[in-house]
Each structure stands twice: as C-alpha cells, then as structure tokens.
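**Student:** So that we are looking at the same thing, I have put the structure below in structure tokens.
2 protein chains.
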Amino acid sequence: MLDHMGLSIGQVAERTGLSVHALRFYEKEGILAHQVHRGPGGRRVYTDQDLAWLKMCIMLRMSGMPVPEIRRYTDLVRQGDGNELQRLDILKEHQERVREQMAQLQECMDLITHKVSVYQDYVNSIDARAVGQ
Amino acid sequence: MLDHMGLSIGQVAERTGLSVHALRFYEKEGILAHQVHRGPGGRRVYTDQDLAWLKMCIMLRMSGMPVPEIRRYTDLVRQGDGNELQRLDILKEHQERVREQMAQLQECMDLITHKVSVYQDYVNSIDARAVGQ
DNA sequence: CTACGAAGTAGAGCCGACTCTAGGTCAAGC
DNA sequence: GCTTGACCTAGAGTCGGCTCTACTTCGTAG
Numbered sequence: 001m002l003d004h005m006g007l008s009i010g011q012v013a014e015r016t017g018l019s020v021h022a023l024r025f026y027e028k029e030g031i032l033a034h035q036v037h038r039g040p041g042g043r044r045v046y047t048d049q050d051l052a053w054l055k056m057c058i059m060l061r062m063s064g065m066p067v068p069e070i071r072r073y074t075d076l077v078r079q080g081d082g083n084e085l086q087r088l089d090i091l092k093e094h095q096e097r098v099r100e101q102m103a104q105l106q107e108c109m110d111l112i113t114h115k116v117s118v119y120q121d122y123v124n125s126i127d128a129r130a131v132g133q
Numbered sequence: 001m002l003d004h005m006g007l008s009i010g011q012v013a014e015r016t017g018l019s020v021h022a023l024r025f026y027e028k029e030g031i032l033a034h035q036v037h038r039g040p041g042g043r044r045v046y047t048d049q050d051l052a053w054l055k056m057c058i059m060l061r062m063s064g065m066p067v068p069e070i071r072r073y074t075d076l077v078r079q080g081d082g083n084e085l086q087r088l089d090i091l092k093e094h095q096e097r098v099r100e101q102m103a104q105l106q107e108c109m110d111l112i113t114h115k116v117s118v119y120q121d122y123v124n125s126i127d128a129r130a131v132g133q
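Rendered as structure tokens:
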C-alpha cells in the first residue's frame, strides 16, 4: 500500500464512484488539471487535489457537460492566470444550460405527477368498490 | 394535402420537434399507443390522439425514461383496462428517478453558481484595478 | 412527360462515454 | 518459485438513440 499521501487508482475509483477504466479514460481525454504523478512501476499516484478536481469534473459531467468542453475548461486552468474571463464564460454558459434542463425536468415532473395522481385516484376508487362489495 | 383531420408524418415532425426518422423509429420500437392509420399510397396518417400520445412520450424521454420502458408502459395501455396498478408503478418509479435527477442537478447547480460567483468577483476586482490606474 | 418533393422500406452508420480484452509488469505471501 | 491481485498500455467493443443512405412510389406543377 502506498504511504498516507497519494492514492492509487483503485482508491480513487472507490472514493469517486468512477471505474478505474473511466479514470484512465478521463486522463487520456485530458480532463485532469495536472499530470498524474507516477510511482514505482509506473503506477498512478493521485493527490488530494487530483481527487478534488475529479469530483468537480464529475459534477460537470453529471450536469451534462460534454467531455470535450470539460477539456477546454481544464486547458484554461492548466494555462494558468489570465484567462479567468474565458473560464467564467464556459461556466456561465453551462449554468444556463443546466437552468434550462431543470426547467424542462420540472415540466416533465408536473406531467408525471399529474398522471400519477389520476391513476392513483382511479386505483383507489376500484379498491373502494372492491371493499364495498 | 390531407384533409383537416389526420396529419402527415412531416406535419407531426414539425409539431413535435422530432425528425421524421425519429417518428418512424418510435413506431418501429412500438411506443405508439395505437397503430398509425395508413392513407393512400401507404402513407402514415396521424390523429390528434397520436400527437398527444407522442407529446407525452417526448416528456418521458426528455426526463430520461429509456425507450424500452416507454414501450412497457405503452404495451400496458394498449392491453386496455385492468392493469392500471402496473402503469402506476412505472410512473411512480420514474417519478422517483426524476426527483433524484433534479436533486443531483440542483447540487451541480449550486457548485457551478458558487464557482461563477468566485470568478465573477475576481474578474470584477481585476477590472476595478485597471480602471483605477 | 419530366421533374420535384414528400412520403415509403430496410438496414447501415454515427456519436458519446464509457467498458472491456489481451497481454504484460511487479510486489507480497504461501 | 509460484500464484494472486492490483496495476500498466493499446486498442477493440458496447449501448442507446437516433440519423442517414439507397432505392422506390406517388401526386401535382410546369
């Protein structure tokens, strides 16, 4: 086992819920802010920062940001100071998309809730009749 | 053009936002409640009910219900009265998933909003400094 | 009578995001 | 010294949901 600082890919998989495959895939896709350090035998050693960054990427993915756009954002961060406005733009755009997505979902939810209550009433009325007999 | 009742596939595509390809695909996948009537030359003629059903399917898809599950639901409806409890189950399950999805999205939204405000403040502070010079 | 546009069918292709396979290295434990 | 298990790489495969292709058939307009 590695010493107390530095996590193996398996440990990161456990902590993030991603598969080791997905972790390697993300790395290949260039969405890790800084190159992952390698330990003996060429094994990946993740820092806590790597973990934190990954967790943010997971949030972005969960909310539907495509991998290539996460890479664009990551690239900006990697390039360092001076491009904060561009980073902000990406985030704001995504924020807008998430907002729309939530509105849509809410609309769907309203419809579903309506249908559920209609069916529930119907089912209840059938039950009541059965009991009454 | 078809007479006032009955829509062509193109008209349905327009009204639903789906492509004609997608409409044929949905039909092949069996997610139309009732078989689409055919007009002269074997062309599809959609009724207003078909349209309404499609719109509901679109809501279910938008909220992430997989096509096979929409089919399961559709099959129940096609089979007619007596299986309302099963329909209700499908809807309730989906409702739960949508609820979870919205909670997740909200979590992501909170993170993004936080990051946006941090970057916004930073960008503003840079601007202020530039103006002050 | 020719051309066009909108429809039809069957089936292949595409895209994104993983997921898995094959074959290999290495350290620890029996 | 052999097995096991976690890791490595490169690249192939999968899956869902369309999307597109190829080719045909109509009905109307020029």
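Sequence lines, in order, name chains U and E.
Heads up: the first sequence begins at 1 in UniProt numbering, then just goes up one per residue.
Heads up: the second sequence begins at 1 in UniProt numbering, then just goes up one per residue.
For glycine and all other residues, C-beta sits at the position ideal for the given N, C-alpha and C.
Because the structure is a prediction, the values reported are computed rather than measured.
1) Output yes if chain U places a C-beta closer than 8 Å to the C-beta of E/T16; else output no.
2) With distances taken Cα to Cα, identify the nearest neighbour of U/G42 among U/E14, U/I70, U/G64, U/I9.
3) Tell me, please, whether the CB atom of U/Y26 is closer than 8 Å to any CB atom in chain E?
4) U/L51 and U/V20 - do their beta-carbons sit closer together than 8 Å?
5) Closer than 9 Å, Cβ to any Cβ of chain U: which residues of the region 114–131 of chain E, in chain order?
6) Which residues in the same chain as E/I90 place their Cβ atom closer than 8 Å to its Cβ, once the five residues preceding and following it in sequence are excluded?
7) Following the continuous alpha helix (DSSP H) through U/N124, name the residue where it begins and the one where it ends.
8) Go ahead and label U/K117 buried or exposed: buried means 16 or more other beta carbons lie within 10 angstroms of its beta carbon, across all protein chains shown.
9) Among the residues of its own chain, which have a CB less than 6 Å from the CB of U/S63, if the five just before and after it don't count?
10) Chain U beta carbons: is any one of them nearer than 8 Å to that of E/Q104?
11) So, is residue 143 of chain E buried or exposed, given that buried needs 16 or more other C-beta atoms within 10 angstroms?
12) Can you tell which of E/G6, E/K115, E/N83 has the C-alpha that lies nearest to the C-alpha of E/Q49?
13) My output table needs one value for U/H37: the three-state DSSP class, helix, strand or coil.
14) Would you identify the three-state DSSP class for E/L76, choosing helix, strand or coil?
15) Quick one: residues in its chain with C-beta nearer than 8 Å to the C-beta of U/D3, no 5 flanking neighbours on either side, listed in chain order?
**Tutor:** So, from the data block:
1) For this step, residue 16 of chain E is matched to residue 16 along the second sequence. E/T16 does not count as touching chain U.
2) Position 42 of the first sequence, counted from the first residue, corresponds to residue 42 of chain U. Closest in C-alpha terms to U/G42, from the list U/E14, U/I70, U/G64, U/I9, comes U/I9.
3) One-based indexing of the first sequence puts residue 26 of chain U at position 26. Judged by the 8 Å Cβ criterion, U/Y26 is not in contact with chain E.
4) Walking along the first sequence from the start, residue 20 of chain U turns up at place 20. Walking along the first sequence from the start, residue 51 of chain U turns up at place 51. U/V20 is not a Cβ neighbour of U/L51, given a cutoff of 8 Å.
5) Within the region 114–131 of chain E, the residues whose Cβ lies closer than 9 Å to any Cβ of chain U are, in chain order, K115, V116, Y119, Q120, Y122, V123, I126.
6) For this step, residue 90 of chain E is matched to residue 90 along the second sequence. Once the five neighbours on either side are set aside, the close Cβ partners of E/I90 are E69, R72, Y73, L76.
7) Within the first sequence, residue 124 of chain U is the residue found at index 124, counting from 1. Its alpha helix (DSSP H) spans residues 84–132.
8) As a position in the first sequence, residue 117 of chain U is number 117, starting the count at 1. First, the amino acid is wrong: residue 117 of chain U is Ser here, not Lys. With fewer than 16 Cβ atoms within 10 Å of its Cβ, U/S117 is classed as exposed.
9) Position 63 of the first sequence, counted from the first residue, corresponds to residue 63 of chain U. Spatial neighbours of U/S63 in its own chain (CB-CB distance under 6 Å, excluding positions within 5 residues in sequence) are listed in chain order as V98.
10) Along the second sequence, one-based indexing puts residue 104 of chain E at 104. With 8 Å as the cut-off, E/Q104 counts as an interface residue toward chain U.
11) Examination of residue 143 of chain E is not possible in this model, given that chain E is present from 1 through 133 alone.
12) Position 49 of the second sequence, counted from the start, is the residue given in the question as residue 49 of chain E. Measuring from the Cα of E/Q49, the nearest candidate turns out to be E/G6.
13) To locate residue 37 of chain U, count along the first sequence from 1; it is residue 37. U/H37 falls in the strand class under three-state DSSP.
14) Numbered from its first residue, the second sequence carries residue 76 of chain E at position 76. In the structure shown, E/L76 adopts helical secondary structure according to DSSP, grouped into three states.
15) In the first sequence, counting from the first residue as 1, residue 3 of chain U sits at position 3. Legend: pLDDT at U/D3 = 46, less than 50; position of this residue unreliable, value from coordinates given subsequently. Sequence-distant Cβ neighbours of U/D3 in its own chain, meaning closer than 8 Å and more than five residues away, do not exist here.
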